[in-house]
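Just so we're aligned: the sequence shown equals residues 0 to 221 in numbering that gives the first Met the number 0.
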Amino acid sequence: MPSHPPWYLRLLGGLVVVPLAAAGGVIAADLHTQDVAQAETVAPQPPTPAEPVDLTPIGAAATELVDGLAAELPVPEPSPVDARPATPVVRHGLLEIPSIGLSQPFFEGVTLTAIDQGPSHWPGTPMPGQLGNMVVAGHRVTKTRPFFDLDLAQPGDELIFTLDTGERHVYTLDHIEIVDEEALHIVDQSYGYKATLFGCHPKGSARQRIVGHFTLQSSAPA
0 MPSHPPWYLR LLGGLVVVPL AAAGGVIAAD LHTQDVAQAE TVAPQPPTPA EPVDLTPIGA
60 AATELVDGLA AELPVPEPSP VDARPATPVV RHGLLEIPSI GLSQPFFEGV TLTAIDQGPS
120 HWPGTPMPGQ LGNMVVAGHR VTKTRPFFDL DLAQPGDELI FTLDTGERHV YTLDHIEIVD
180 EEALHIVDQS YGYKATLFGC HPKGSARQRI VGHFTLQSSA PA
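What follows is the structure, encoded as structure tokens:
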């Protein structure tokens, strides 16, 4: 390899360093330009104003709840001591459970005199569509035997009251239970729109009661 004088090497080194330094400046400048462009590209945009939320339904529901809690619950009359007193015949309308083929007029009173006419409303409990737990008693194997097949009803089955005034109220079955004959908790009241149907159990015996618990789904005015 030929040897070169020191001045030649210093000159060559200067030629190499200067272009590289210049190139480095160009590269740095180019990277800076890219960073700025990228920053401009991804710069956050002003937030889009949120659409206003309509709180009217929430307010209406809250008002209905407060009004309901402020209302007084019905007070059921005591169970009659005399099972067969003279009881006026008062018809309220039609009671139906289509799934078990039940469609009969329903009356007022829980004496046997009233229940012999057909399913009958327990006095002091709410009427269909009203706040509280409406209670209706009926025979299973005697007279018009409206609740003969109550044990066949399934959750979700409809219980329909069509009043003689033209109102229509639809409940659906929550569940069926069997209780002792003296289990009067079935007439207890609570803040809700419920219906309770009960009759003797098992069929042909008064040893227990079969009880259907329903919840109101809709009401239509006359």
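Note that the Cβ used here is the ideal one computed from N, Cα and C, for glycine as well.
- Counting along the chain, the unbroken beta strand (DSSP E) around T214 starts and ends at Q207 to A219.
- Of the candidates H174, I57 and H120, the residue whose Cα lies closest to the Cα of V88 is H120.
- Here DSSP, grouped into helix, strand and coil, assigns L151 to helix.
- Per DSSP, the beta bridge partners of Y192 are G131.
- By the Cβ neighbour-count rule, R208 is buried, with 16 or more other Cβ atoms within 10 Å of its own.
- Here T214 is exposed. Its C-beta has fewer than 16 other C-beta atoms within 10 Å.
- For L172, the beta-bridge partners assigned by DSSP are F213.
- In this structure K202 is in contact with V140, their Cβ atoms being roughly 5 angstroms apart against a cut-off of 8 angstroms.
- Put simply, the backbone Cα of D173 is about 17 angstroms away from that of G198.
- A distance below 7 angstroms separates the beta carbons of P75 and T124.
- Here Q216 is exposed. Its C-beta has fewer than 16 other C-beta atoms within 10 Å.
- DSSP links Q103 through a beta bridge to L94.
- Here G211 is not near L162, since their CB atoms are 7 angstroms or more apart.
- Around the CB of A113, 16 or more other CB atoms lie within 10 Å, so the residue is classed as buried.
- In the three-state reduction of the DSSP assignment, T112 falls in the helix class, which pools H, G and I.
- Contact check for L101 and A82: beta-carbon distance about 24 angstroms, past the 8 angstroms limit, so the pair fails to qualify.
- Straight-line spacing of the CA atoms in P73 and M126 works out to 10 angstroms.
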